[in-house]
Every structure is written in structure tokens, then in C-alpha cells.
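First the structure, in the form of C-alpha cells, and then the observations on it.
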Amino acid sequence: MSTSTKPSHIGRKISRIRELRDMKQEALAQALGTSQQTISAYENSEEIDDAKLKEIAKALGVSVEALKNFSDEAAINYFNNFYDNSGKGQILNNSCSHLTFNPLEKLVESYEENKKLYERLLQAEKDKVEFLEKILKDK
Numbered sequence: 001m002s003t004s005t006k007p008s009h010i011g012r013k014i015s016r017i018r019e020l021r022d023m024k025q026e027a028l029a030q031a032l033g034t035s036q037q038t039i040s041a042y043e044n045s046e047e048i049d050d051a052k053l054k055e056i057a058k059a060l061g062v063s064v065e066a067l068k069n070f071s072d073e074a075a076i077n078y079f080n081n082f083y084d085n086s087g088k089g090q091i092l093n094n095s096c097s098h099l100t101f102n103p104l105e106k107l108v109e110s111y112e113e114n115k116k117l118y119e120r121l122l123q124a125e126k127d128k129v130e131f132l133e134k135i136l137k138d139k
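Here it is as C-alpha cells:
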């Protein structure tokens, strides 16, 4: 019976963190200035050089150490502990349970503001064209 440990597969860790961040391979590829196929190759690699690992970690918004030490069990424990302890500090409960706005209404409001801004911009351009036409007529 062998007691050797299974080698750390850095590509799987990259894949899991990317998935947990709800990021597609294409988005990560764009952030790194490379192709989706390259990201797929990284995620299938057991080892990646430190310089590239640093770039990937930055694009994923984590540290290189977090990337190297990531495990599904640790992530699950973290979120379970966070959930279990959230009621004690009342940080999560107070900040999210009493929302005073509807996100959909905010989206519609933002759309209306953009529409008004566009109309003002369009009117300014019309005024500019009218002014220039007047100057050309006077010459």
C-alpha cells in the first residue's frame, strides 16, 4: 500500500476557481489576451510556470497562494462557516434583508436616464449643425 500523495493538479484548481467566479474560459482568455483553447490547455495541465500562474491568479482575482492551495473541501468549509456565523455578527442579515429598492426598477430608471442623456446629446448636435449652417450662409 502506497502512502504517496496525489500530485496537485493546478489546472483543475484554475478551472474550479474560474467556475466559482462564474467566469467562462472565453472571458478568462480575453482577460489574459489569449485564446479559449489556451485556457483549456492550462486547465488540463498539472503544472504551470509561476509567471503565467501569477497572470492567471490576477485575472481570477485571487492570490497565487490561494490558487495553489485551493481545495473544494476548504471552499465548502469556508462558506459553511460564513453562513453559520453570519447570524452572530448580523453583518450579512442586516445588509441584505432590508433592501429598499427593486433592482429591476433601478435598471429601468438607468435606461430612462440614458435615454434622456441621448436626447440631450442629439439636440446639442442638431443645434451645432444649425449654427454651422447659419455661419456658412452668412459667408
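In this text, residue positions in the sequence shown follow the working numbering: the first is 1, and each later residue adds one.
Where is the CB? At the ideal position from N, CA and C, for every residue including glycine.
Quick caveat, the model's predicted, so the values are computed rather than measured.
- Secondary structure of residue 14 (DSSP, three-state): helix.
- Inside the segment 13-43, DSSP marks whole alpha helix (DSSP H) runs of 4 or more residues at positions 25-32 and 36-43, from first to last along the chain.
- For residue 50, the secondary structure class from DSSP, reduced to helix, strand or coil, is helix.
- Assigned with DSSP and collapsed to three states, residue 131 falls in helix.
- Taking 9 Å as the cut-off, the beta carbon of residue 12 is found no closer than this to the beta carbon of residue 61.
- 9 Å or more divides the Cβ of residue 17 from the Cβ of residue 53.
- With contacts defined as CB atoms closer than 9 Å, residue 57 and residue 31 fail to qualify as a contacting pair.
- Relative to residue 45, the option among 15, 26, 64 and 69 whose CA is nearest is 15.
- DSSP, reduced to helix, strand and coil, places residue 106 within a helical segment of the structure shown.
- Straight across, the Cα-Cα distance linking residue 41 with residue 19 is about 16 Å.
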